[in-house]
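J.: Residue numbers (our numbering), protein chains in the order written: chain A, 17 to 316; chain B, 599 to 848.
Structure in structure tokens, see below.
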């Protein structure tokens, strides 16, 4: 069963096109990473799935229903981000008690144990917490709610490295105990790569790639060699990334299957072949310009 | 599906509204503290007397000081209007949609909250009139006329009922204004202009506005006033819900 399905989803804010013609499905009980640079449309997409924003055109289905203004979707979904607001007159433990009333599957023991582990003070107020502590508290709410669809939008904002590591571990352990559909958005893949099953690449409001993480690692290779050889070989190919190495050498990233065909035809010819790390590939696939930031400075 | 799968819940609107209402009562206690502050301020202002005048000749001088708790009630009206507008703002909306909610449940629990606020505001505002008498008795006791010092219970109860009705109407209007501003910031300019226009220009040009006003506010029978105010309030809330039902949140 698909938990989320989108057909030709487009979202515009005035003249700005935040999401452009996106079609995808997300299956039940998968952990998907939504990866893309700033301004790619990650938050917009997640908020449409959560039913906070309305799609401008196209069809969105969550649990087979239109999520916008839908109570059933709201009851089975939790959306965690760093903009979460709680009443300023409630202490953290009172907020936990309120959350428990709203969510049927709420696990108070888990919440308390995480609370103790991260040494949060139950009598503290949410608006007085530091940025990282807020994120930690929000994460606890997200995990303990045990919603069939759990959405984390850039959940680790402000967390220090240790807490981030603990968070990913907690998420994975809890997921293994209680499988559910989880989406985590991030602008970087490297930290969350290990816990993800699927990856969804978004850039400029368009879907770039949706694939299991294991496939992503096999998706592309890098070739390095003399520039004229590389240029001749890769003419007409889709090049994800290209940079010059030294005076007359070139480094390009292309699809693995394309590369294999080319190499079979042309022979190795002094070319070196490297694997491409998944997080590097994500950056290449979503970056604005093929040459990267170097292209700005390569004027001559 | 494996055994450990989390099953989907089927929420009922009534249940959700109830949970949100309780959550809001707990989370918005500060607004009631503000009400107490506003009423105490009204009480202090009332201590100087609503009006005073004197008359006499060379031998005798009579000075009359009138005290009234009207000011406390006006302050309470102002308080509930501000509260009604405030809870439509993005900040309060955000808090709603942190946990389970849709637009309708959010509005209905807000209406429940404002009704509660009107009842608490109405009762405390009327009773603070009694408090005012007691305070004046102790401060300026020698001038106090003992006649009418104790108000008949039915008068107090009627006063409470009428105050609550007005508070309901004002809160509905405030909520409606807040919703309009959420729909478009243009209303921040239009609404005050419209208000001044209605009072001054429109009331002269369009007698129907005066008629509507008199029809609702100028009612002398409590039962009829209640019916008129409750129907008007319900209509205004219904308009707010319909208008804001397509708003995007968070």
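Think of the CB as a built atom: it goes at the ideal place given N, C-alpha and C, for glycine as much as any other residue.
Measure the C-alpha to C-alpha separation of residue 802 of chain B and residue 775 of chain B and round it to an integer number of angstroms.
T.: Those two C-alpha atoms are separated by around 23 angstroms.
J.: For a contact meaning CB atoms closer than 9 angstroms, what does residue 579 of chain B contact in chain A?
T.: The requested residue 579 of chain B does not occur in the structure, where chain B is confined to residues 599 to 848.
J.: Got a sec: is the Cβ-Cβ distance from residue 628 of chain B to anything in chain A below 7 angstroms?
T.: Yes, because at least one Cβ of chain A sits closer than 7 angstroms to the Cβ of residue 628 of chain B.
J.: What does a CB cutoff of less than 7 angstroms around residue 599 of chain B pick up in its chain, not counting 5 residues either side in sequence?
T.: Annotation note: pLDDT 43 at residue 599 of chain B (below 50); position unreliable, no value reported.
J.: To the nearest angstrom, how far is the alpha carbon of residue 42 of chain A from that of residue 168 of chain A?
T.: Using only the alpha carbons, I get a separation of about 15 angstroms.
J.: Which runs of the alpha helix (DSSP H), 4 residues or longer, sit entirely within the stretch 803-828 of chain B?
T.: Within the stretch 803-828 of chain B, the complete alpha helix (DSSP H) runs of at least 4 residues are 805-815.
J.: Count the CB pairs spanning the stretch 160-174 of chain A and the stretch 192-201 of chain A that are closer than 8 angstroms, and state whether there are at least three.
T.: Contact between the stretch 160-174 of chain A and the stretch 192-201 of chain A is present, because at least three Cβ pairs lie under 8 angstroms.
J.: In three-state terms, what does DSSP make of residue 612 of chain B?
T.: Here residue 612 of chain B sits in helix by DSSP.
J.: Return no unless some Cβ of chain B is closer than 7 angstroms to the Cβ of residue 33 of chain A.
T.: No, because no Cβ of chain B sits closer than 7 angstroms to the Cβ of residue 33 of chain A.
J.: If you follow the beta strand (DSSP E) that residue 93 of chain A is in, where does it begin and where does it stop?
T.: Run containing residue 93 of chain A: 93-96, per the beta strand (DSSP E) assignment.
J.: Which of the three DSSP states, helix, strand or coil, is assigned to residue 600 of chain B?
T.: A caution first: residue 600 of chain B carries a pLDDT of 44, below 50, which makes its placement in the model too unreliable to give a value.
J.: Can you give me the Cβ contacts of residue 17 of chain A inside the same chain, cut-off strictly under 6 angstroms, excluding the 5 residues immediately before and after it?
T.: Closer than 6 angstroms at Cβ, skipping near neighbours: 44.
J.: Can you find a CB in chain A that lies within less than 7 angstroms of the CB of residue 701 of chain B?
T.: So yes, residue 701 of chain B belongs to the interface.
J.: Using a threshold of 7 angstroms, state whether the C-beta atoms of residue 236 of chain A and residue 269 of chain A are closer than that.
T.: Taking 7 angstroms as the Cβ cut-off, residue 236 of chain A and residue 269 of chain A qualify as a contacting pair.
J.: Taking the beta strand (DSSP E) that residue 224 of chain A falls in, what are its first and last residues?
T.: Looking at the DSSP string, the run of the beta strand (DSSP E) that includes residue 224 of chain A is 222-228.
J.: Looking at C-alpha atoms only, which residue of A:79, A:297 and A:55 is the closest neighbour of residue 22 of chain A?
T.: The option with the nearest alpha carbon to residue 22 of chain A is A:79.
J.: Cα separation between residue 766 of chain B and residue 750 of chain B?
T.: Distance between the alpha carbons of residue 766 of chain B and residue 750 of chain B: 25 angstroms.
J.: Which word fits residue 175 of chain A, buried or exposed, when buried means at least 16 other C-beta atoms lie within 10 angstroms of its C-beta?
T.: With 16 or more Cβ atoms within 10 Å of its Cβ, residue 175 of chain A is classed as buried.
J.: Do we get a CB-CB distance below 7 angstroms when we pair residue 601 of chain B with the residues of chain A?
T.: The pLDDT assigned to residue 601 of chain B is 41, lower than 50, so where the model puts this residue is not dependable; a value taken from the coordinates is nonetheless given after this. Closer than 7 angstroms: no.
J.: Which residues in the same chain as residue 712 of chain B place their Cβ atom closer than 7 angstroms to its Cβ, once the five residues preceding and following it in sequence are excluded?
T.: Answer for residue 712 of chain B: 682, 769 and 773, listed in chain order.
J.: Which same chain residues, not among the five before or five after residue 673 of chain B, have their C-beta less than 7 angstroms away from its C-beta?
T.: The answer, listed in chain order, is 636, 637, 639 and 640.
J.: Run down chain A in chain order and give the residues with a C-beta less than 7 angstroms from the C-beta of residue 625 of chain B.
T.: Correct list: 103, 105 and 106.
J.: What does DSSP give as the partner residue(s) for residue 291 of chain A in the beta ladder?
T.: In DSSP, residue 291 of chain A forms a bridge with A:237.
J.: Are three or more beta carbon pairs between the stretch 809-819 of chain B and the stretch 718-732 of chain B nearer than 8 angstroms?
T.: Counting Cβ pairs under 8 angstroms, fewer than three are found: no touch.
J.: Can you tell me which of the three DSSP states residue 52 of chain A falls into?
T.: Note: residue 52 of chain A maps to coil in three-state DSSP.
J.: In chain order, which continuous runs of the beta strand (DSSP E) of length 3 or greater are located wholly inside the stretch 672-732 of chain B?
T.: With a minimum length of 3 residues, no continuous beta strand (DSSP E) run stays inside the stretch 672-732 of chain B.
J.: For residue 99 of chain A, go through chain B and note every residue whose CB falls closer than 9 angstroms to its CB, in chain order.
T.: Within chain B, the residues near residue 99 of chain A are 692 and 848.
J.: Going by Cα to Cα distance, which pick from B:644, B:702, B:685 and B:662 is closest to residue 651 of chain B?
T.: It is B:662 whose Cα lies nearest to the Cα of residue 651 of chain B.
J.: Any chance you could list the beta strand (DSSP E) runs of at least 3 consecutive residues sitting entirely within the stretch 35-91 of chain A, in chain order?
T.: Fully enclosed beta strand (DSSP E) runs of 3 or longer: 47-51 and 73-78.
J.: What are the residues that DSSP puts in a beta bridge with residue 649 of chain B?
T.: Answer is B:664.
J.: Measure the alpha-carbon distance for residue 310 of chain A versus residue 266 of chain A and round it to whole angstroms.
T.: Computed Cα separation, rounded: 14 angstroms.
J.: Roughly how far, in whole angstroms, is the beta-carbon of residue 780 of chain B from the beta-carbon of residue 686 of chain B, given that I think they are within contact range, below 8 angstroms?
T.: Between residue 686 of chain B and residue 780 of chain B the Cβ distance is about 6 angstroms, and since that is below 8 angstroms, they are a contact.
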